[in-house]
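Sequential numbering from 412 applies to the sequence shown in my numbering.
For every residue, glycine included, the Cβ atom is placed at its ideal position computed from N, Cα and C.
This structure is a prediction, so every number in the text was calculated from the model and none was measured.
Structure first, commentary second.
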Amino acid sequence: MSTAYVLVEQNNGQLDHVTAELITAARVLGEVTAVVVGEPGTGQGLAAELGALGASVVVAAESPSVTGRLVLPEVDALHILAAHNPGPIVLSANLGGNEIAGRLAARLASGVLCDVVGINADRTADQSIFGDTIQVSAAVGGASPIYTLRAGAVAGEPVAAAGTLQTLELPAATAKDVTVVSATPAERGDRPELPQAKVVIAGGRGVGSAENFKTVLEPLADVLGAAVGATRDAVDLGYYPGEYQIGQTGVTVSPDVYIGFGISGAIQHTSGMQTAKKVIVVNNDEDAPIFDIADLGVVGDLFDVAPALLEEINKRK
């Protein structure tokens, strides 16, 4: 059976949720080899978990200098593996994954498809383009076609496999390497991460201010155990941080319940949330396009509706 390589997304020995999605998407291409790039011991600590997700083999590509380098350790590891035993390569469609994909494509003389939303057994991939208004199937050549998968596009479905641990010696750093001299980790709050949240509370331009996000939407999110997101307009206006932007140039979410406040429904935003199982929206403009995709729409002032909803939920807890 053919081999498909997955670059594991992890931080300090903790798997990112997107890794399960990558393994699930790659499974149709062959037996999954999960590639862990990190400091010594990282792969051994993740092997059992990766096996439970569906990795037949876990390759620990490790070096003490990995954390002080950018991109090239991952490129080197995947290049060595695919050059020896060609096979498709699946990465996350984030900034790092897309850059790694481009460098690998040049080294392996294989095609690359970025931001795919599904991968097929015949090595074609599905892409959602023009603001997710058109779905296309694309194919590229080469012995090791490369795909970067949009987070949240594929549901992670663990299917236990052997998770056999192997090691790979990484090449030493060269003059081409960028050296990280300092880094400040992003602070994570108590709310769920957007791509994996079961409930998402989102706000748009109509929320009016950063203070309103904090005092109107965040208390509602906390009582529901929800993540908070924002439209591009709200982010551009400084109402909420950019890492919480939902949409075409932000995060894709597929929660069980999405509740949008003060959102008109521009395709920039709806392309990132329209796969939610239930869409509930509140807007004082009854002609807002967001109502076209809503399962339940409330025409009203969000500053009346949100506090009333919060009060009713608290009464029933």
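- prompt: Rounded C-beta distance between isoleucine 704 and glutamine 679? I'm assuming under 8 angstroms.
  reply: Along the sequence shown, one-based indexing puts residue 704 at 293. Along the sequence shown, one-based indexing puts residue 679 at 268. Going by Cβ atoms, the distance from isoleucine 704 to glutamine 679 rounds to 14 angstroms, so no, they are not a contact pair.
query: Going by beta carbon distance, what residues of the same chain come within less than 7 angstroms of alanine 516, once the five residues before and after it are set aside?
result: The residue labelled residue 516 in the question sits at position 105 within the sequence shown. Result list for alanine 516: Gly522, Val523, Ile557, in chain order.
query: Span of the beta strand (DSSP E) holding isoleucine 691?
result: Numbered from 1 along the sequence shown, position 280 holds the residue referred to as residue 691. Start and end: 689-694.
message: Just verifying my parser: in three-state terms, what is the DSSP assignment at asparagine 725?
response: On the sequence shown, residue 725 is found 314 positions in, with the first residue counted as 1. Asparagine 725 falls in the helix class under three-state DSSP.
message: Relative to the C-alpha of glycine 683, which candidate in Glu420, Tyr655, Glu460 has its C-alpha closest?
response: The residue given as residue 683 occupies position 272 in the sequence shown. It is Tyr655.
- prompt: Which residues does DSSP pair with phenylalanine 672 in a beta bridge?
  reply: By 1-based counting over the sequence shown, the position of residue 672 is 261. DSSP lists Gly614, Val693 as partners of phenylalanine 672.
- prompt: The alpha helix (DSSP H) with alanine 584 in it runs from where to where?
  reply: For this step, residue 584 is matched to residue 173 along the sequence shown. Taken as a continuous stretch (DSSP letters only), alanine 584 belongs to no alpha helix (DSSP H), as it is neither H nor E.
message: So for asparagine 422, helix, strand or coil by DSSP?
response: Taking the first residue of the sequence shown as position 1, residue 422 is located at position 11. If DSSP states are grouped into helix, strand and coil, asparagine 422 belongs with the strands.
- prompt: Of all the alpha helix (DSSP H) runs that stay within the bounds of the segment 500-525, which reach a length of 4 or more residues?
  reply: 506-519
- prompt: Straight-line CA distance for phenylalanine 672 to lysine 689?
  reply: In the sequence shown, the residue the question calls residue 672 occupies position 261. In the sequence shown, the residue the question calls residue 689 occupies position 278. Each residue's Cα considered, the two are about 15 angstroms apart.
message: Per the DSSP calculation, aspartate 537 is bridged to which residue(s)?
response: Residue 537 sits at position 126 when you count from the first residue of the sequence shown. Aspartate 537 pairs with Gly529, Ser548.
task: Can you give me the Cβ contacts of glutamate 568 inside the same chain, cut-off strictly under 7 angstroms, excluding the 5 residues immediately before and after it?
output: On the sequence shown, residue 568 is found 157 positions in, with the first residue counted as 1. Taken in chain order, the residues that qualify are Thr435.
field: Cα-Cα separation, alanine 466 to alanine 572
entry: Start at 1 with the first residue of the sequence shown, and residue 466 comes out as number 55. Start at 1 with the first residue of the sequence shown, and residue 572 comes out as number 161. Each residue's Cα considered, the two are about 6 angstroms apart.
- prompt: Per DSSP, what kind of secondary structure is tyrosine 558 in: helix, strand or coil?
  reply: For this step, residue 558 is matched to residue 147 along the sequence shown. Three-state result, tyrosine 558: strand.
message: Using 8 angstroms for Cβ pairs, my map puts alanine 645 next to valine 618. What's the rounded Cβ distance?
response: As a working mapping, residue 645 is identified with position 234 in the sequence shown. As a working mapping, residue 618 is identified with position 207 in the sequence shown. Correct: roughly 6 angstroms between the Cβ atoms.
Length of the line joining the Cα atoms of glycine 574 and isoleucine 691: Here residue 574 refers to the residue found at position 163 of the sequence shown. Here residue 691 refers to the residue found at position 280 of the sequence shown. Cα-Cα distance, rounded: 41 angstroms.
message: Distance check for leucine 579 and histidine 495, CA to CA, integer angstroms please.
response: The residue given as residue 495 occupies position 84 in the sequence shown. The residue given as residue 579 occupies position 168 in the sequence shown. About 12 angstroms.
message: By alpha-carbon positions, which one of Pro475, Ala562, Leu461 ends up nearest to leucine 605?
response: The sequence position of residue 605 within the sequence shown is 194, counting from 1. For leucine 605, the nearest C-alpha among the options comes from Ala562.
message: Please classify leucine 506 as buried or exposed, where buried requires at least 16 neighbouring CB atoms within 10 angstroms.
response: As a working mapping, residue 506 is identified with position 95 in the sequence shown. Exposed is the call here.
task: Just grab the DSSP bridge partners of leucine 576 for me.
output: As a working mapping, residue 576 is identified with position 165 in the sequence shown. Looking at the DSSP assignment, leucine 576 forms a beta bridge with Val469.
- prompt: What do you get for phenylalanine 624, buried or exposed, if any count of 16 or more other CB atoms within 10 angstroms of its CB means buried?
  reply: One-based indexing of the sequence shown puts residue 624 at position 213. When all chains shown are included, phenylalanine 624 counts as buried.
Which residues DSSP lists as bridging glutamine 656, in chain order: Mapped onto the sequence shown, residue 656 falls at position 245. Its beta-bridge partners are Ala641.
query: Would you say alanine 550 and arginine 480 are within 7 angstroms of each other, going by their C-beta atoms?
result: Counting from 1 along the sequence shown, the entry for residue 550 is found at position 139. Counting from 1 along the sequence shown, the entry for residue 480 is found at position 69. No.
message: Closest to alanine 532 by C-alpha separation, out of Leu440, Gly649, Ala699, would be which residue?
response: As a working mapping, residue 532 is identified with position 121 in the sequence shown. That would be Leu440, whose Cα lies nearest to the Cα of alanine 532.
- request: Compute every distance between the C-beta of threonine 544 and the non-hydrogen atoms of the ligand HEM, then say whether any falls below 6 angstroms.
  value: In terms of ligand content, the structure shown is empty, and the ligand HEM therefore cannot be addressed.
query: According to the neighbour-count rule (16 or more other Cβ atoms, all chains shown, within 10 Å of its Cβ), is valine 547 buried or exposed?
result: Counting from one through the sequence shown, the residue named residue 547 turns up at place 136. Exposed, by the Cβ-count rule.
query: Leaving out the 5 sequence neighbours to the left and right, which residues in its chain are closer than 6 angstroms to glycine 552 when beta-carbon positions are compared?
result: Taking the first residue of the sequence shown as 1, we reach residue 552 at position 141. Cβ neighbours of glycine 552 beyond the five flanking positions: Gly522.
- prompt: Excluding sequence positions up to five away, which residues of its chain have a Cβ less than 8 angstroms from the Cβ of valine 482?
  reply: The residue given as residue 482 occupies position 71 in the sequence shown. The residues are Gly507, Glu510, Ile511, Arg514, Val589.
field: 6 angstroms CB neighbourhood of glycine 676 in its chain, flanking five on each side removed
entry: Here residue 676 is taken as the residue at index 265 of the sequence shown, counted from 1. Excluding sequence neighbours, glycine 676 sits near Ala699, Pro700, Ile701.
task: Flag this pair as yes or no: are the beta carbons of alanine 437 and valine 417 separated by less than 7 angstroms?
output: As a working mapping, residue 437 is identified with position 26 in the sequence shown. As a working mapping, residue 417 is identified with position 6 in the sequence shown. A contact, by the Cβ cut-off of 7 angstroms.
message: Checking the sheet assignment: what are the DSSP bridge partners for threonine 590?
response: Position 179 of the sequence shown, counted from the first residue, corresponds to residue 590. For threonine 590, which the question treats as bridged, DSSP gives the partners Arg480.
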